[in-house]
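Here is the structure we will look at, set down as structure tokens.
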Amino acid sequence: MALLKLTSPHAHTAQSTADVMKLVLLATIPGLVALTVFFGWGTIINVLITSAVALICEASVMRLRKRPVMFYLKDNSALVTAVLLGLALPPLAPWWIPVVGTFFAIVIAKHLYGGLGYNPFNPAMVGYVVLLISFPVQMTAWPAPAPLYPAEIDVPGFWQSLQIVLPFFNEAITGTVNGSIDAYTAATPLDTFKHNTGLLVEQLYKKDPLFSQGSWAGIGWEWANFAFLAGGCFLLYRRVFTWHAPVAMLVSLTLCAALFYDGGSSSSHGSPLLHLLSGGTMLGAFFIVTDPVTSATSNRGRLIYGALVGILIFIIRSWGSYPDAVAFAVLLMNFAAPLIDNYTLPRTYGHKKSRKATEKKDEGP
Amino acid sequence: MRKVWDLIGGVHPPENKHQSVQDSIGTLPLPEKLVIPLNQHIGAPPKLLVSAGDIVLKGQPLAEPKGMVSVGVHAPTSGQISEISDYPIPHPSGMSARCITLIPDGKDQWIEHKGVDNFRDKTPEELLDIIRSSGITGLGGAGFPSAVKLSARQPISTLIINATECEPYITADDMLMQERPEAIVEGIKILSYLLGEPDEILIGIEDNKPKAYEALEPYLEGTNIELVEFTTRYPSGGEKQLIQILTGKEVPNGGLPADIGIVCQNVGTTHAIQRAIVHGEPLISRVTTVTGKACATNRNYQTLIGTPISHLLEQNGFNQSQCSRLVMGGPMMGFTLENSEIPVIKTTNCILAPTEDELPTPPPAQPCIRCGMCAEACPASLLPQQLFWYAQSQNYERLEAHSLFDCIECGACSYICPSNIPLVQYYRASKGEIRKLAAEKVNADRARQRFEFQKARKEKEEAEKTAKREARKKAAEQARAKAAENATASTEDSPVATSATAKSSAADDIIKAAMARAEAKKASPEEQRAKLERGVVRAESHLETVEQRLQALGSEATDKQREQAQAAIEDARLRLEDAKSKLQAAPESKPDKAKEVMAKVQASPKEALEKKIATLKDRINVTEEKIAEAEDDALKVALQKGLEKQQEKLRDAEQQLKDAPTESTTASTKTEDAAATAIAKAQAKAAAQASMSDEEKLRASITSLQARLKKAQERLVAAEEEGSEHIDALRTGAEKLQAKLTSAETELSELS
Ligand code: SF4
Ligand code: SF4
């Protein structure tokens, strides 16, 4: 009689890792749509390029490591990294920006550290930071939100965007180098605050169309952030991650911003709302900080981890020289995650206190 | 409503209970044979009372409890014992154990039995005796003897009846409550009486058993028994979890529920106790659920203990071709059976025969994405993903720090893991490994104690030997002093030869003694010495071999192997030392003496010392490297010890080098010629000495000392003039000579 010998449990949930990843991909759709509505086709093109490169890189590495390629491709983890990186990159960046970034994310940050589950640093953020440091010009050129385009310039359509992103392609077809991104770029809300000299927050909000046409934190930006928030809530509802890290991050960021708001003076670093709804705040809070591999392990640990990311974001935004800070803050805290883990073991049933991960003497089995 | 606490973590797998609650608890026709494992409980196996060929009646004891934590087994029906042999029993490992095979005679004839009319007339001890001799163990869990659990020493304030039955598929307790609520409530009253009427009696039941709830409710009126319903969530039926849900208290780590005044009993057990006390029936059958899509009918049966699973399956239209695995117990904690001939035992609450669709073979595990879903599900608040990580890397220290042993193996983490990692399997394996290592450590500790005892004994023997030697020496000296009356002078002026004289004069007596001994043994000192030298060489090579062996062990070696190797090295080292000291103590023949001198001269003491220091330093380097490489703590400690010893030796050698008197600077310049002269002198001197009386010898040495002193003083003066760096050494050398001279002179004056 051929009976299977298996150990318990014999039952198993239907949800697989690939399903979890699919949910995350699904949850990015609102953000992708919002970014496209306000900043054009650039983001979608980014995501397409990063996804293609990510799949190629993942498959090649798997072949090199002599692993079953399809089995690993099917876990969708490379796609998640690619999509998150694509969302974070400035739209209409030249094609090699997403390519280089994805290569770094998948090959260096993920696989050189042992692959899925073993990477100490968030791959998408490693890719982003490598790009930001190496190509600051391309990485800081964000297009203006569509409603703010000057009357004489049209918002680039899909083909036009493609031409901007792939200049050689354009050249091969039309014979001319057409369309530089420079025509479309504008300061982001965070840039505006960084370079604000002399204007009270209130005046700035009235004067700058970026704010006067928006409601809270700059037209376009606020909606993209709301969209990511919505996606995040969906994932929370589906229990893909726990609330601890994102909520802690948003709360600490809000508190910092409130503390340094300075009554809206000309040297203010911006209101809490500005910080919550501009830049990569919500993308970071619900898609990056929640990355389970690189964050702290226990819920208590995640509270600390999230809160520290929030504080770091505010510090780097306010006093650093980069326009946004989510990537740096996350990578810095990735370093600290194992340490946090060591001190935040949950209290086990029947124990009076929680223990330390490095504790030596056991109370005995 | 009573407050209930939330289960920490937990999962909610599909319940699949409806299939088996459509029909009442059925009975099965008698099987052809019953196979009754002797030991179905946790604790000591009972004592066999029957032998093959015996005719037994239903309910007759087949084995009686032996010791406190033990229960007996009884004949489930009347018939004949056909054999008592090893037989596969229900166990995750598929092992075999002693079983009694009973061929039913079909009459199902009861042995005479009688219940207790009013249990309150009996003392709790008497009732506990009945429970023990009725073979009652916990029917829900691991099968712990109930009498032991009920004779708690601590005062009990809360009695909890576990009616949760949280595992999917299983409905045995549910049906029992639906059909026999009255008996169960009576059983609870017996338990309450046994435990000295605790303040609180709670029946914990999940909200997916409304019928059982309704059935029990009417019988609880007017009692202090409370029926507490809570949300269905696995594993709320774990004893620790149920206690936490109902009382908010936690069983302290390493403790028992009784420590916090709680006793927990399963409903099935409660019912069995009621049967035993009120009806005098031992535990010979239980309710077992037969379920799974591979069976045409899903139902509960009052099953005789010892019924082969195949019989249960056949009676339920089992379709073997559809069944992929056979599980005893539920889908969360049950274990697979290797064949269907295995019997039902006291803890068999369910036989699950699922189809492949129902419980598919798990797909290969993917990497852990550290999603933390397992941690959310863990009822013990562990971090399963970290446990998994450390289990993979076999980091047992971290595993224990992460409280591996608080894992109740409920399987909630494996159930929820999206990467299909068989987490529990890793925990079981690691627990087994840690237990094994702990057991080995106990053994190794014992071995070490034995070894240390041996070492101490050897040292003691060694010390005794030295003491004897000293005593002999003294006696010889005294004898010599008396005999030395007519001493004449003789001159000889070679420091080497003088020292040889001194030594040989001391050695002479020992030689005499040794000669006598050797005579008896018919072995010349030379032969003896050679033998001892061979011994040293042998011991040295042995030490080398064992050291190499330790190195070769490498990182895979278990602690035990290392300990053994360590012990072997220590042993070898002792033997070597032993051999060396014997060699030193051995009598030296005169030609040997000359050889030794030659060797000494050839390699001046300084050179020899320097060489020794160099080798020691080399060895220390090697050891330090080894320490750096060693990952294992035990190995490290051992190596560290070795290093310290080596360093000590090095310090000694360096000290010696520093203290080496003037000859060390001059000796190095000596040539072989000098050696030859010295030998000649030494030989001449030895020959002369043979004809000298003791006084003569003394005088001779005084003269020689005087000459040496003079020379030394001259050298000292010369050195002082040159401002040589050896002044200090020279001065001490001169002072030493002076001292020797003085003592020799006093000796002489005493003699004459
Ligand atoms: S549920 Fe599985 S994949 Fe997720 S953290 Fe736990 S072990 Fe890893
Ligand atoms: S099997 Fe152990 S680690 Fe897993 S959920 Fe149960 S108690 Fe926690």
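Heads up: the protein sequence lines correspond to chains A and B, in order.
In terms of this note's numbering, the first sequence has 480 at position 276, counting the first letter as 1, and numbering is strictly consecutive.
In terms of this note's numbering, the second sequence has 361 at position 231, counting the first letter as 1, and numbering is strictly consecutive.
Glycine included, each C-beta is placed from N, C-alpha and C at the ideal position.
Residue range 164-167 is occupied by the beta strand (DSSP E) that includes residue 165 of chain B, with no alpha helix (DSSP H) assigned at that position. Residue 532 of chain B has its alpha-carbon roughly 56 Å from the corresponding atom of residue 597 of chain B. The CB of residue 436 of chain A never comes closer than 7 Å to any CB in chain B; the least such distance is about 15 Å. Of all residues in the stretch 223-247 of chain A, only 223, 224 place a beta-carbon less than 7 Å from a beta-carbon of chain B. Here residue 667 of chain B is not bridged, per DSSP, to any residue. If you check the C-beta of residue 138 of chain B against ligand 2, you find no heavy atom less than 7 Å away.
Distance from the Cα of residue 294 of chain B is smallest, within the candidate group B:196, B:505, B:372, for B:372.
Here the distance from the Cβ of residue 492 of chain B to the nearest heavy atom of ligand 1 is not below 7 Å. Apart from sequence neighbours up to five positions away, the residues of its chain that approach residue 309 of chain B with a beta-carbon distance below 7 Å are 154, 155, ordered along the chain. Residues of the stretch 479-497 of chain B with a Cβ closer than 7 Å to any Cβ of chain A, in chain order: 489, 491, 492, 496, 497.
Residue-level contact check: residue 270 of chain A does not touch chain B, since none of the beta carbons of chain B fall below 8 Å from its beta carbon. Taking a C-beta cut-off of 8 Å against chain A, the contacting residues of the stretch 497-518 of chain B are 497, 498, 499, 500, 501, 502, 503, 505, 506, 509, 510, 511, 512, 513, 515, 516, listed in chain order. For residue 213 of chain A, the secondary structure class from DSSP, reduced to helix, strand or coil, is coil.
Contact annotation: residue 341 of chain A and residue 302 of chain A have beta-carbon atoms that are not nearer than 8 Å. Secondary structure in the stretch 558-622 of chain B: no beta strand (DSSP E) run of 3 residues or longer lies completely within the stretch.
Taking all protein chains in view, the Cβ of residue 528 of chain A is crowded by 16 or more other Cβ atoms within 10 Å, so the residue is classified as buried. Within the stretch 336-423 of chain B, the runs of alpha helix (DSSP H) that reach at least 4 residues and sit entirely inside it are, in chain order, 340-350, 369-377, 397-404. With contacts defined by Cβ atoms closer than 8 Å, residue 358 of chain B and residue 418 of chain B do not form a contacting pair. Listed in chain order, the non-local C-beta contacts of residue 369 of chain B below 6 Å within the same chain comprise 394, local neighbours out to five positions each way being set aside. Between ligand 1 and residue 558 of chain B, a heavy atom-to-CB distance of less than 7 Å is absent.
With contacts defined by Cβ atoms closer than 8 Å, residue 506 of chain A and residue 555 of chain A do not form a contacting pair.
Residue 138 of chain B has a beta carbon lying within less than 8 Å of a beta carbon in chain A. The residue from A:310, A:371, A:306, A:291 with its alpha-carbon nearest to that of residue 425 of chain A is A:291. For the C-beta of residue 560 of chain A, the chain B residues within less than 8 Å are, from N- to C-terminus, 531.
Our two residues, residue 457 of chain B and residue 565 of chain B, have alpha carbons roughly 27 Å apart in a direct line.
By the rule that beta-carbons nearer than 8 Å mark a contact, residue 743 of chain B does not touch chain A. In this structure, residue 547 of chain B has its CB closer than 7 Å to one or more heavy atoms of ligand 1. Of all residues in the stretch 531-547 of chain B, only 531, 532, 533, 535, 536, 541, 544, 545, 546 place a beta-carbon less than 7 Å from a beta-carbon of chain A.
At least one CB of chain B lies nearer than 8 Å to the CB of residue 219 of chain A. Placement of the Cβ of residue 381 of chain B at a distance of 7 Å or more from every heavy atom of ligand 2 is found. Between the alpha carbons of residue 521 of chain A and residue 747 of chain B lies a gap of roughly 58 Å. Chain-ordered, the chain A residues with CB closer than 7 Å to the CB of residue 549 of chain B read 221. If you check the C-beta of residue 539 of chain B against ligand 2, you find a heavy atom less than 7 Å away. Annotated as proximal: residue 222 of chain B and residue 465 of chain B, with beta-carbon spacing under 8 Å. For residue 501 of chain B, the distance from the CB to the nearest heavy atom of ligand 1 is below 7 Å. Taken atom to atom, the span from the alpha-carbon of residue 578 of chain B to that of residue 571 of chain B is near 10 Å.
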